[in-house]
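Down below is the structure, laid out as structure tokens.
In my numbering, the protein residues as written are 405 to 487.
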């Protein structure tokens, strides 16, 4: 029997930013460290168009990261600093 994908919907980063009351660009910086296992999904469109999207689990994961970075904003600066 084939495995069934149980994800039946995702929310774009713009929608999640609206839901959380956060700036979409800042949220994108926070989410960039997430992987598929964390609930981050990339949705691809025509050409090079793509957008971050999140499962419900991904929104929970992202909300946890937002809380961490709000407590210590310097963590984000260190994780996004060019090498």
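All C-beta atoms in this analysis are idealised placements derived from N, C-alpha and C, irrespective of residue type, glycine included. Remember, predicted model here, so these are calculated numbers, not experimental data.
In three-state terms, what does DSSP make of residue 416?
Note: residue 416 maps to strand in three-state DSSP.
Could you check the C-alpha separation between residue 498 and residue 453 for me, to the nearest Å?
The question about residue 498 has no answer, for the chain in this structure spans 405 to 487.
Residue interval of the alpha helix (DSSP H) (run including residue 472):
It spans 460-475 - the alpha helix (DSSP H) in which residue 472 sits, taken as one unbroken run.
Rounded Cβ spacing between residue 465 and residue 449 (contact assumed at less than 8 Å)
Cβ atoms of residue 465 and residue 449 stay farther apart than 8 Å, at about 24 Å.
Between residue 414 and residue 436, is the Cβ-Cβ spacing less than 9 Å?
Not in contact: residue 414 and residue 436 (Cβ atoms no closer than 9 Å).
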